[in-house]
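Take 3 as the starting number for the sequence shown in this note's numbering and just add one per residue.
Idealized CB from N, CA, C, for every residue including glycine.
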Amino acid sequence: MTTRAPLATGTPPSPWSTVAGAVVLLTALTSMLLIAFAWPSVRSTVQDVPIAVAGPTSAVAQIRTALDQRLPGGFEITEVADSDAAERLVRDRQVYGAIDLSSGHPQVIVASAASTAVAQTLQTMATGLGQAGEPGTSAAVRDLATLPADDPRGAGLAAGALPLVMGGSMAAVLLVRLVRGTGRRVTGALAFSAIGGLSVAAILQFWFGSLSGSYPAKSGAVALTIAATSLTILGLESLLGYAGIGLGAVVMMLVGNPLSGTATAPEMLPGWSGTLGQLLPPGAGGRLLRSTAFFDGRGATHAVTVLVAWIALGAVLCLAGGLRARRTANRGRTSGDPHSTGHRHVRTPEPAAVPALSPWSAGK
3 MTTRAPLATG
13 TPPSPWSTVA
23 GAVVLLTALT
33 SMLLIAFAWP
43 SVRSTVQDVP
53 IAVAGPTSAV
63 AQIRTALDQR
73 LPGGFEITEV
83 ADSDAAERLV
93 RDRQVYGAID
103 LSSGHPQVIV
113 ASAASTAVAQ
123 TLQTMATGLG
133 QAGEPGTSAA
143 VRDLATLPAD
153 DPRGAGLAAG
163 ALPLVMGGSM
173 AAVLLVRLVR
183 GTGRRVTGAL
193 AFSAIGGLSV
203 AAILQFWFGS
213 LSGSYPAKSG
223 AVALTIAATS
233 LTILGLESLL
243 GYAGIGLGAV
253 VMMLVGNPLS
263 GTATAPEMLP
273 GWSGTLGQLL
283 PPGAGGRLLR
293 STAFFDGRGA
303 THAVTVLVAW
313 IALGAVLCLA
323 GGLRARRTAN
333 RGRTSGDPHS
343 TGHRHVRTPE
353 PAAVPALSPW
363 SAGK
């Protein structure tokens, strides 16, 4: 009868303090994720949303007073002379909508493709605007930029923001793991941005029906967004190592995506968060995609500037990291230190000693 040998216990279990620390860390991370993604939506409200009001000065003053009473601080009003001027501001994306009192028959002008949330708010405000601004009847509503019939709520645009950020982040991680050389990594990121832009725009437009307009323009908008994200993270990694990947992911995913305002509008986010979000690739990319899809590229200058600036920053960081690595390698070759060159030092084994034959052993 054979007896089974006891199993090897291996390394001893971790102390309970390590378990407690892990629990605290995980709780903190989960709480941070909840705050980052839920806080902007929970605190979202109409605040300083730019709109235009067209009509006589007295009528504009009445509307301004009525809006301040219903939504204090909700709108930033631009006074214009007539309906044409109001429509021009809406189409140029300088305002989200307008209230037209110039013809004597009040009407509300919206652009649901710019923001469904703001458009719904303005449509609600239309109730009660009567003849010359008198309460009691509803004003007509006219939509200058409608969303496609296949996606009337703009769900594809709102849901597509996070995959774009994740795609750029994953591209940086994969290139770091698989590709060696700064130039090849940058080339890979740019190539993926171009091909990924074509793919994502095709899915949103031809499959989901969430976009309209020029397909190449929307592909370019998506490509700029992916490139800004991936190159920035690549540049941070080239200088900071894997800590740079973590920093870039936090900035893009936990800050940039929730503050992008893609689902509502940047002006509806609490306080300064909407302004900050438009300075990061997710927010700028979302605005650029809407402008190219529904407004013939109008109102896209700021977004393009932001994305190009992030791409340039990422390229500069990659260049700086590559130069530093090259200097380190050259210094290692000069000093003869094999560890500084980036190559693994292989120790040459010594030849085995051959025992000498004694006269006794030779005779055996």
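VAL55 vs ILE101 beta-carbon contact at 7 Å: The residue you call residue 55 lines up with position 53 of the sequence shown. The residue you call residue 101 lines up with position 99 of the sequence shown. Against a cut-off of 7 Å, the Cβ pair of ILE101 and VAL55 comes out as a contact.
C-beta atoms of GLY258 and ILE235 nearer than 7 Å: Taking the sequence shown and counting its residues from 1, the one referred to as residue 258 is at position 256. Taking the sequence shown and counting its residues from 1, the one referred to as residue 235 is at position 233. It is not a contact, given that the beta carbons lie outside the stated cut-off.
Check whether SER216 and LEU200 have beta carbons under 7 Å apart: Taking the sequence shown and counting its residues from 1, one reaches residue 216 at position 214. Taking the sequence shown and counting its residues from 1, one reaches residue 200 at position 198. In this structure, LEU200 does not lie closer than 7 Å to SER216 by Cβ.
Rounded C-alpha distance that separates SER342 from GLY190: What you label residue 342 is simply residue 340 of the sequence shown in a count that begins at 1. What you label residue 190 is simply residue 188 of the sequence shown in a count that begins at 1. Unreliable positioning characterises SER342 in this predicted model, as indicated by a pLDDT of 47, which lies under 50. A coordinate reading is not provided.
Entirely enclosed beta strand (DSSP E) segments - the stretch 40–69, minimum 3 residues: 51–56
Three-state secondary structure assigned by DSSP to GLN71: Here the question's residue 71 lines up with position 69 in the sequence shown. GLN71: helix per DSSP, three-state reduction.
PHE77 (DSSP reduced to helix, strand or coil): Residue mapping note: residue 77 aligns to position 75 of the sequence shown, counting from 1. Here PHE77 sits in strand by DSSP.
Inter-residue CB distance, THR227 and GLY273 (contact presumed, cutoff 8 Å): What you label residue 227 is simply residue 225 of the sequence shown in a count that begins at 1. What you label residue 273 is simply residue 271 of the sequence shown in a count that begins at 1. That pair is no contact at about 25 Å.
Sequence-distant residues of the same chain with beta carbon closer than 6 Å to GLY344, five excluded per side: Taking the sequence shown and counting its residues from 1, the one referred to as residue 344 is at position 342. For GLY344, the pLDDT reaches just 44, beneath the cut-off of 50, and the residue's location in the model is therefore unreliable, leaving the point undetermined.
Straight-line gap, VAL120 to VAL21 (C-alpha atoms, nearest Å): Start at 1 with the first residue of the sequence shown, and residue 120 comes out as number 118. Start at 1 with the first residue of the sequence shown, and residue 21 comes out as number 19. If I take the Cα positions, the gap works out to 48 Å.
Identity of the residues DSSP links to GLN142 by a beta bridge: Here residue 142 refers to the residue found at position 140 when the sequence shown is read from its first residue. Checking the sequence, you will find Ala at residue 142 rather than Gln. Looking at the DSSP assignment, ALA142 forms a beta bridge with GLN109.
Beta-carbon proximity check, ALA223 vs THR307, cutoff 7 Å: To locate residue 223, count along the sequence shown from 1; it is residue 221. To locate residue 307, count along the sequence shown from 1; it is residue 305. No.
Segment contact flag, the stretch 312–326 with the stretch 236–246, C-beta cutoff 8 Å, min 3 pairs: yes
Straight-line Cα distance separating ALA141 from VAL25: The residue labelled residue 25 in the question sits at position 23 within the sequence shown. The residue labelled residue 141 in the question sits at position 139 within the sequence shown. Roughly 57 Å separates the two Cα atoms.
Residues near THR264 in its chain [Cβ-Cβ closer than 7 Å; skip 5 each side]: As a working mapping, residue 264 is identified with position 262 in the sequence shown. Contacts found: LEU159, ALA160, ALA163 and GLY288.
Three-state secondary structure (DSSP) of THR2: No information on residue 2 is available, as it lies outside the stretch 3 to 366 that the chain covers here.
Three-state secondary structure (DSSP) of ASP102: By 1-based counting over the sequence shown, the position of residue 102 is 100. Reduced to three states, the DSSP call for ASP102 is strand.
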